[in-house]
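Asker:
Numbering (UniProt numbering), first residue to last: 1 to 976.
Below is the structure:
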């Protein structure tokens, strides 16, 4: 045997020996590792069964949603079922074993079986990971989706509108059809019915009939999604509206015929921005139906067929009313119901709402009470005076109500409270609506209320009011009826009222609303000549600088509201010539004017409940003038008179501040007091007087910004050389009630901030410190001090500016109570040159609703969040709702923040800030990253290359925020 052959034989023997040895070892381990093998198997089996159950539940969910799983998912579940059925006995036996009592041979046999089954389950689970992503397959889109509505047949005028629309649809030369009419007239219901009839039409010639709602502020992406979904087009991952429009257009043009219904179009809509095909002479694949309130919208969108939908006639209205109300118990109830129906003025929406409310009401008194409420003028008559979708300030509504005489109050109920009670009642009946994002002081009039009022006025021979105008530049044509009581031309662009309609006399005029005509400068001298009965005149927010001579004729005026918007040209209004003769005045709002002296004669206007002199400069107010206005509820004098006497001197030249204490009904006070001694005054008279206020804006030695902003407020502004324990009790009383505190130029002690500000701060929503002298730490608690009270739970906004000595904002080395800082949304920090850090970690984790953080010109700032030694979190995920953020951190470990709502990021003049904790998935919606220095950005350290690349693509530079440029950049990667 040659050597080579010997070597080969030897290698083969060794390999066989090695394999035999491994086989023996493996079989021995079936016995020796029995317990571990069984534990691994049982864990794998548990996971395997859980995953099968998860997929099965997903399939059930898809089927409930009218979706079917893909074929491969069905095959996978079939194989899993076959596996479980084939080895059902073995699986059950293995699950029920007593691992401690097995003999060696049984251990060997069972262990081997468990390992083999485990391998099979592992193979199936690997396939499972692929299949989960494809668990659903959408069914083909429906040609027409039925919409639930209550369409009443047999209304002749509506049936004619429907026939006209269907005729236009069948006309091959008609591409765009416009249906227009006032809100609540039934346009949406009619067009839904046409959609539904296509659903039941076996000869439908449209591939798809798609209906979407456009609304006042169209959301283009949402419209694209809704239309795309109906034709099976998915925009996932595509954010650009232009790209989406191009894809949608391409998809729709593949169909022979599509009808798209655009409901509730308020303004002309560019269909190209959505991706809807238009007729180009050859392509008529897409027919458009639009519903709108305005005929000119139909014209602007090139509707070749325009159909007006008018109010129902008397018989049609009654038939519709009965379909909603049900049968009547008696003839007398039926007669009242007919009167109720008449009040709805032929508007289908009003009829449906009212009739449904009274459905099956048997008691005649219920019907009669409802009718009497509908006939009351009150807010219903005022409803037609406001523009469509107008946000109505409740205080204005209260003033109009005082002028009309339907806002009354008892001894213990203020005019505002009475108004709010009326509003809550109307809200409960669905006639008034809340305004999204606003508090209770703003409401909207329901379309039903507004259009019923307008419709009644138009149909009534005795025209009650004249309104519903937009884009006016001069006095409107028409409206010559001598029966007119109210005219509203608010929110227009009228510049001069010179030659109004010569047939118009205004003899029965009660209300004239010209507010919001910001260009209005002059009114003809004889304009008010015959308006002897005028009660309400609103000229707020106009450019009016003088009143016509005929203004003196308005002797019955109850409400006068004038605020001149020309900041450097105060209105020339004479107290003696224009105001003192108006003895019936209940509301006087006179802003940005000049009154040299408020004399004793002014005290004769004893019916005044609202007095507003905001920005009207008054040099002197004599003693014992304001104290005569015993009915006064609201007094606003910011930017007006500030020389209040702090002594109770009835014979002096200036009114005493304590004189206001005699006004027992006063609940709103806005004043400025420029006297350093005032903050230290300990007069007990102040305490009872100020503690009874519901709303206030009181400024001591400071000027209130946004003075014409009249929403109810609880704000205290204080400028003082020393703010400490010596501050008077009356300031502490206001701090307890205040929601907004502004300290300007104050020397603030650490103890005062900790014990007084935070001791009285449960209601604070806004805190601003400007140019104050503070300690190195603004808010500090000692380690030995327990903090049981929740810290600033209602605070929404903090502004810190020019606090030169502050190095840290918070040091709270104790457990912070749950709920602290829970409402904080906005933080602005500027020009704090000594500031080194903002948040310790235990404060930062409380900021779960933070939306805006602005840090600018803080040259020493190194850390935004300071990690404590005990913190070992690997991932910081608070601040999810941030919209604007300038953020960095001390920790050297990797830390990414998601900030999914971040819409603005800017860093300006913070040179020591070197790390922004943004990873690849941080701030996904951020369009632009603003900063002031290219060099600073180049030195930033990033969490990963993906984050660096993304932010490099969106960065803009400018030392002055707002002007931006971009360039290719180098970036640093943080090595962790």
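Where is the CB? At the ideal position from N, CA and C, for every residue including glycine.
Out of 950, 935, 934, 936, state which residue places its alpha-carbon closest to the alpha-carbon of residue 999.
Answerer: Residue 999 cannot be examined here, being either before or after the span of the chain that is shown, 1 to 976.
Asker: If I follow the unbroken alpha helix (DSSP H) through residue 80, where does it start and stop?
Answerer: Here residue 80 corresponds to residue number 80 of the chain shown, with the count starting at 1. Unbroken alpha helix (DSSP H) run through residue 80: 71-86.
Asker: Can you tell which of 215, 217, 209 has the C-alpha that lies nearest to the C-alpha of residue 228?
Answerer: The count along the chain shown starts at 1 and reaches residue 228 at position 228. Nearest C-alpha to residue 228: 209.
Asker: Closer than 8 Å is the cut-off here; do at least three beta carbon pairs connect the segment 438-447 with the segment 389-397?
Answerer: At 8 Å Cβ cutoff, the stretches touch.
Asker: I believe residue 630 touches residue 606 by the beta-carbon criterion, under 8 Å. Please report the beta-carbon distance rounded to the nearest angstrom.
Answerer: Indexing the chain shown from 1 puts residue 630 at position 630. Indexing the chain shown from 1 puts residue 606 at position 606. Right, their Cβ atoms sit about 7 Å apart.
Asker: Since residue 286 is in the beta strand (DSSP E), which residue starts that stretch and which ends it?
Answerer: Position 286 of the chain shown holds residue 286. Start and end: 286-292.
Asker: Residue 239 bridges to which residues according to DSSP?
Answerer: Translated into positions along the chain shown, residue 239 becomes position 239. None, per the DSSP bridge assignment.
Asker: So, residue 906 versus residue 947, is the Cβ gap smaller than 8 Å?
Answerer: Position 906 of the chain shown, counting from 1, holds the residue named residue 906. Position 947 of the chain shown, counting from 1, holds the residue named residue 947. No, the pair does not count as a contact, with Cβ atoms beyond the cut-off.
Asker: Helix, strand or coil for residue 249, going by three-state DSSP, please let me know.
Answerer: Position 249 of the chain shown holds residue 249. The answer is helix: DSSP assigns residue 249 an H, G or I state.
Asker: Based on DSSP bridge pairs, tell me the residues matched to residue 1014.
Answerer: Any answer about residue 1014 is impossible in this case: the structure gives the chain only from 1 up to 976.
Asker: Excluding the five sequence neighbours on either side, which residues of its own chain have a C-beta within less than 6 Å of the C-beta of residue 837, listed in chain order?
Answerer: Walking along the chain shown from the start, residue 837 turns up at place 837. Correct list, in chain order: 808, 863, 866.
Asker: Beta strand (DSSP E) containing residue 828: first to last residue?
Answerer: In the chain shown, residue 828 corresponds to position 828, counting from 1. Start and end: 826-830.
Asker: Checking the sheet assignment: what are the DSSP bridge partners for residue 915?
Answerer: Along the chain shown, read from residue 1 onward, the residue named residue 915 stands at position 915. Partner(s): 941.
Asker: Which residue or residues does DSSP assign as beta-bridge partners of residue 542?
Answerer: On the chain shown, position 542 is the one that residue 542 refers to. Residue 542 is bridged to 564.
Asker: Can you give the beta carbon distance from residue 773 to residue 805, rounded, assuming they're within the 8 Å contact cut?
Answerer: Translated into positions along the chain shown, residue 773 becomes position 773. Translated into positions along the chain shown, residue 805 becomes position 805. Contact holds; Cβ gap of about 6 Å.
Asker: Do the CB positions of residue 781 and residue 814 come within less than 8 Å of each other?
Answerer: Residue mapping note: residue 781 aligns to position 781 of the chain shown, counting from 1. Residue mapping note: residue 814 aligns to position 814 of the chain shown, counting from 1. Cβ atoms of residue 781 and residue 814: closer than 8 Å.
Asker: Less than 8 Å separating the beta-carbons of residue 600 and residue 622?
Answerer: Residue numbering aside, residue 600 sits at position 600 when the chain shown is read from its first letter. Residue numbering aside, residue 622 sits at position 622 when the chain shown is read from its first letter. Going by C-beta atoms, residue 600 is nearer than 8 Å to residue 622.
Asker: Please list the terminal residues of the continuous alpha helix (DSSP H) segment that includes residue 931.
Answerer: Taking the chain shown and counting its residues from 1, one reaches residue 931 at position 931. Counting along the chain, residue 931 falls outside any alpha helix (DSSP H), though it belongs to the beta strand (DSSP E) covering 929-931.
Asker: May I ask you to report which of helix, strand or coil DSSP gives residue 326?
Answerer: As a first step, residue 326 must be located in the chain shown, where it is residue number 326. It is coil, neither helix nor strand.
Asker: Can you have a look at residue 541 and say buried or exposed, based on whether 16 or more other CB atoms are within 10 angstroms of its CB?
Answerer: Along the chain shown, read from residue 1 onward, the residue named residue 541 stands at position 541. Answer is buried; the Cβ neighbour count reaches 16.
Asker: CB-CB under 8 Å to residue 225, same chain, minus the five flanking residues each way: which ones, in chain order?
Answerer: Working through the chain shown from its first residue, we reach residue 225 at position 225. Cβ neighbours of residue 225 beyond the five flanking positions: 235.
Asker: Rounded to a whole number of angstroms, what is the C-alpha to C-alpha distance between residue 76 and residue 123?
Answerer: Residue 76 sits at position 76 when you count from the first residue of the chain shown. Residue 123 sits at position 123 when you count from the first residue of the chain shown. Computed Cα separation, rounded: 12 Å.
Asker: Within this structure, are the beta carbons of residue 693 and residue 717 separated by less than 8 Å?
Answerer: Start at 1 with the first residue of the chain shown, and residue 693 comes out as number 693. Start at 1 with the first residue of the chain shown, and residue 717 comes out as number 717. Cβ distance not < 8 Å, so residue 693 and residue 717 don't count as in contact.
Asker: Closer than 6 Å by C-beta to residue 618: which residues in its own chain qualify, once you throw out the five before and the five after it? Chain order, please.
Answerer: As a first step, residue 618 must be located in the chain shown, where it is residue number 618. Answer for residue 618: 595, 598, 640, 641, listed in chain order.
Asker: Given a threshold of 16 other Cβ atoms within 10 Å of its Cβ, counted over all protein chains shown, does residue 738 qualify as buried or as exposed?
Answerer: The residue you call residue 738 lines up with position 738 of the chain shown. Looking at its Cβ environment, which holds 16 or more other Cβ atoms inside 10 Å, residue 738 is buried.
Asker: Go ahead and label residue 859 buried or exposed: buried means 16 or more other beta carbons lie within 10 angstroms of its beta carbon, across all protein chains shown.
Answerer: Here residue 859 refers to the residue found at position 859 of the chain shown. Residue 859 comes out exposed.
Asker: Based on Cα-Cα distance, which residue from 407, 426, 425, 427 lies nearest to residue 418?
Answerer: For the purposes of this step, residue 418 is taken as residue 418 along the chain shown, with counting starting at 1. For the residues 407, 426, 425, 427, the minimum Cα distance to residue 418 belongs to 407.
Asker: Given residue 416, which residues of its chain have a CB within under 6 Å of its CB, disregarding the five upstream and five downstream residues?
Answerer: For the purposes of this step, residue 416 is taken as the residue at position 416 of the chain shown. Closer than 6 Å at Cβ, skipping near neighbours: 398.
Asker: Tell me which residue opens and which closes the beta strand (DSSP E) that residue 839 is part of.
Answerer: Indexing the chain shown from 1 puts residue 839 at position 839. From DSSP, the beta strand (DSSP E) with residue 839 extends over 837-840.
Asker: Quick one, are the C-beta atoms of residue 999 and residue 529 less than 8 Å apart?
Answerer: Because the chain here runs from 1 to 976, residue 999 falls outside it and cannot be looked at.
Asker: Jot down the residue ranges of each uninterrupted alpha helix (DSSP H) in the segment 158-222, minimum 4 residues, whole runs only, in chain order.
Answerer: Whole alpha helix (DSSP H) segments, 4+ residues: 187-199.
Asker: Taking only runs that begin and end inside the segment 604-642, name each unbroken beta strand (DSSP E) of 3 or more residues, in chain order.
Answerer: Complete beta strand (DSSP E) runs here, min 3: 610-612, 617-621, 634-636.
Asker: Let's test the definition: count the other Cβ atoms within 10 Å of the Cβ of residue 421 and tell me whether it reaches 16, buried, or not, exposed.
Answerer: Here residue 421 corresponds to residue number 421 of the chain shown, with the count starting at 1. Exposed, since its Cβ has fewer than 16 Cβ neighbours within 10 Å.
Asker: I need the DSSP call for residue 398, collapsed to helix, strand or coil.
Answerer: As a first step, residue 398 is located in the chain shown; it is residue number 398 there, counting from the start. Looking at residue 398 - three-state DSSP - the assignment turns out to be helix.
Asker: So the candidates are 506, 472, 46, 633; which of them puts its Cα closest to the Cα of residue 531?
Answerer: The residue you call residue 531 lines up with position 531 of the chain shown. Among 506, 472, 46, 633, the Cα nearest to that of residue 531 is on 506.
Asker: Contact check, residue 990 vs residue 287 under 8 Å by CB: the rounded distance?
Answerer: The chain is shown only over 1 to 976; residue 990 falls outside these bounds and no answer can be derived.
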